[in-house]
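Heads up: the sequence shown begins at 1 in the UniProt record's numbering, then just goes up one per residue. For every residue, glycine included, the Cβ atom is placed at its ideal position computed from N, Cα and C. Take a look at the structure set out below.
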Amino acid sequence: MKLEALPVVKGDHNLSSYEDVYTSFNWEEAEKNFTWYETGKLNAAYEAIDRHAETFRKNKIALYYRDSKRQEKYTYKEMKELSNKAANVIKNTANVEKGDRLFVFMPRTPELYFIVLGAVKLGAIVGPLFEAFMEGAVKDRLEDSEARVIVTTPELVNRIPVDELPHLEHIIIVGEDVDTEKHIDFLSEMETASKELDIVWVEKTDGLLLHYTSGSTGKPKGVLHIHQAMIQHYQTAKWVLDIKEDDVYWCTADPGWVTGTVYGIFGPWLTGSTNVIVGGRFSPESWYQTIEDYGVTVWYSAPTAFRMLMGAGDDLVNQYDLSSLRHVLSVGEPLNPEVVRWGAKVFNKRIHDTWWMTETGAQLICNYPSMEIKPGSMGKPIPGVQAAIVDEKGQELPPYRMGNLAIKKGWPSMMHTIWNNQEKYDSYFMPGEWYVSGDSAYMDEDGYFWFQGRVDDVIMTSGERVGPFEVESKLIEHPAIAEAGVIGKPDPVRGEIIKAFVALREGYEATDELKEEIRLFVKEGLAAHAAPREIEFRDKLPKTRSGKIMRRVLKAWELDLPTGDLSTMED
Ligand code: PRX
């Protein structure tokens with residue numbers, strides 16, 4: 001069923017007229033919003049925090065933090081001082097310098113944010129890791145990036161395989177009872193660290209963030225973002241998040257995911273807004289309570305979360321006062337029209353879908369407050385960005401033709417490189433300067449883009465991108481498993497779940513206990529979100545003659561779809 005478009009909400013929006021701005025805008029204009037445009041001294045953490053601490057925003061709340069144990073707030077001035085202190089700690093104890101890769105492997109707490117900002121102030125490149133990562137996932141990322149320093153907690157430190165990481169020199173621990181023979185005690189060092197810091201000024205093209213993400217083949221790859229990306233972080237926070245001076249903004253994403261750094265750190269703070277950060281696990285009650293308690297006005301979350309809230313029922317949502325909400329947004333997976341309709345009912349707000357990728361570094365295709373929303377569509381490209389649907393040769397396709405969603409090269413937040421992998425980086429581009437996303441989509445006659453699926457086998461489960469190859473590689477490390485093929489299976493709440501097809505080695509019996517053991521094996525070796533929710537035993541798996549598991553055939557079997565061309569299949 002096609003839903004009626006949701007009309008424009010009249011009001012004072014930062015992007016008041018999409019068409020006018022789209023035709024006249026160029027990125028140079030956006031640069032004028034930064035102090036470095038005048039001074040020539042550039043650092044994204046300075047622009048995000050220190051700049052505001054030197055203005056009327058000095059005593060404005062920059063951060064509200066809460067989890068089940070802590071409830072704190074920090075002004076811009078305090079954020080400046082605390083990130084300076086954190087910078088001094090990591091500089092003095094671990095000698096962190098410009099260009100060093102420093103990883104953060106810890107849950108969301110205020111200290112995580114002081115450290116990220118502090119490291120950026122030193123010109124270091126920050127690599128954020130999900131706390132759910134187990135040893136194998138941590139090792140792959142630290143090894144590939146040759147990280148020198150990692151910051152973690154007493155609970156997580158044992159998952160860092162130090163003996164296998166020759167480049168790793170220092171482990172900094174945020175927590176109590178740190179063994180200072182082996183590790184650096186962050187909290188004690190903070191007590192005596194200086195509040196003064198000489199910021200390291202960098203070039204626009206110097207590294208800022210290194211986010212590892214999954215593709216359909218190979219190990220996770222390191223997507224490098226540079227300081228110049230802040231231009232687009234800022235501009236999209238203005239246009240798309242529509243952040244204004246009095247807003248209280250909450251992005252629910254963890255910084256292990258690019259949304260949690262770009263729109264959990266840089267976007268909101270570059271615009272000088274009050275940023276809410278919530279640690280701990282998802283719970284509908286605490287989420288609604290957060291909106292009510294802080295009076296959240298702009299809220300950025302993801303379809304899986306909205307679907308879980310929807311599942312928790314309307315009675316629950318009606319127990320809270322959510323009337324502060326002004327603007328609600330979503331990212332990461334297709335936003336079902338059903339969810340948009342539900343949002344309109346319970347929040348009395350349209351949920352605005354936004355599309356982008358780790359590689360694109362910031363939002364690219366979006367629904368704006370000043371624009372009609374067609375439920376189910378990702379929206380239109382932001383001003384300064386040209387999007388199209390292209391075929392295998394990079395030729396632009398007309399409206400309603402399905403193809404690969406592509407973006408014309410040259411937006412400020414585009415990835416700078418794939419770490420140590422020029423070939424992979426090059427593989428993203430097609431003739432005509434197109435960056436090719438790997439998402440299949442079409443465009444309608446009004447220029448709205450509609451997501452259809454992934455061109456490759458990448459799985460999106462609860463908004464997390466999981467490479468089937470990584471899971472398959474882990475599975476076949478299990479002694480009982482001879483072969484494994486992994487697919488994403490559609491799921492009403494999580495978007496997709498991971499399903500593994502497994503052929504056992506001689507002598508192993510296909511039992512439910514073994515399934516459970518295998519699930520645990522992946523969970524403990526890789527990450528909880530990468531563990532297959534469903535496992536099916538098969539005598540053998542469909543393979544090409546060259547031995548590659550044919551995931552598309554597995555998927556067709558699973559979903560009762562035609563298997564298509566089987567000419568390359570063995571037997
Ligand atoms: O398939 C698209 C999906 O998420 C992919 C990017 O994943 P990741 O790099 O982990 O996300 C980073 C932050 C967005 C895309 O290739 N995706 C993202 N946004 C949407 C989406 N699919 C449908 N609709 C969206 N709005």
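{"query": "Any 3 or more C-beta pairs closer than 8 Å across the region 189 to 207 and the region 134 to 143", "result": "no"}
{"query": "Distance between E181 and residue 580 (C-alpha atoms, nearest Å)", "result": "As shown, the chain starts at 1 and ends at 571. That puts residue 580 outside it, with no answer to give."}
{"query": "Contact belief for V138 with R159 at Cβ below 8 Å, rounded distance in angstroms", "result": "6 Å"}
{"query": "Identity of the residue in R326, A94 and K58 nearest E78 by Cα", "result": "K58"}
{"query": "Presumed contact (8 Å Cβ cut-off) between A484 and L475, rounded CB distance", "result": "4 Å"}
{"query": "Stretch pair the region 214 to 228 + the region 239 to 246: three plus CB contacts closer than 8 Å", "result": "no"}
{"query": "Inter-residue Cα distance where the pair is V162 and D50", "result": "35 Å"}
{"query": "Residue from N95, L82 and I243 whose Cα sits closest to the Cα of K195", "result": "L82"}
{"query": "G218: CB within 7 Å of a non-hydrogen atom of the ligand PRX", "result": "no"}
{"query": "Three-way DSSP call (helix, strand, coil) for S330 in this model", "result": "strand"}
{"query": "Proximal residues to Y46 (C-beta, below 6 Å), its chain only, five neighbours per side dropped", "result": "I199"}
{"query": "Same chain only: Cβ atoms within 7 Å of V339, ignoring 5 sequence neighbours per side", "result": "P303, F306, R307, M310 and I351"}
{"query": "Member of M378, H233, H170 and E131 whose CA lies at the smallest distance from the CA of A362", "result": "H233"}
{"query": "Pair within 8 Å by beta-carbon distance, T259 and V328", "result": "no"}
{"query": "DSSP-derived helix/strand/coil call for residue 575", "result": "Absent from the model: residue 575. The displayed extent of the chain is 1 to 571, so no value can be given."}
{"query": "7 Å CB neighbourhood of D314 in its chain, flanking five on each side removed", "result": "V346"}
{"query": "Exposure of Q422, with buried meaning 16 or more beta-carbon neighbours within 10 Å", "result": "exposed"}
{"query": "Alpha-carbon to alpha-carbon, V21 and N14", "result": "11 Å"}
{"query": "Q289 - containing alpha helix (DSSP H), residue span", "result": "P284 to Y294"}
{"query": "Whole-Å CB distance - V116 paired with I265, under 8 Å assumed", "result": "6 Å"}
{"query": "7 Å Cβ shell around P7 - same chain, five flanking residues per side excluded", "result": "E372"}
{"query": "The ligand PRX heavy atom lying under 7 Å from the CB of E331", "result": "The sequence shown places Val at residue 331, rather than the Glu named in the question. Within the cutoff, so yes."}
{"query": "K41 to V202 span [Cα, whole Å]", "result": "7 Å"}
{"query": "V471 - containing alpha helix (DSSP H), residue span", "result": "P468 to L475"}
{"query": "Neighbour-count burial assignment, H167, 16 or more Cβ in a 10 Å radius", "result": "exposed"}
{"query": "Under 8 Å between C-beta atoms of I150 and T93", "result": "no"}
{"query": "Backbone secondary structure at M378 - three-state DSSP", "result": "coil"}
{"query": "Which of helix, strand or coil DSSP assigns to T354", "result": "strand"}
{"query": "Beta-bridge partners of M430, as assigned by DSSP", "result": "W434"}
{"query": "Inside the region 456 to 520 only - beta strand (DSSP E) runs reaching at least 3 residues", "result": "459 to 461, 464 to 466, 481 to 491 and 495 to 504"}
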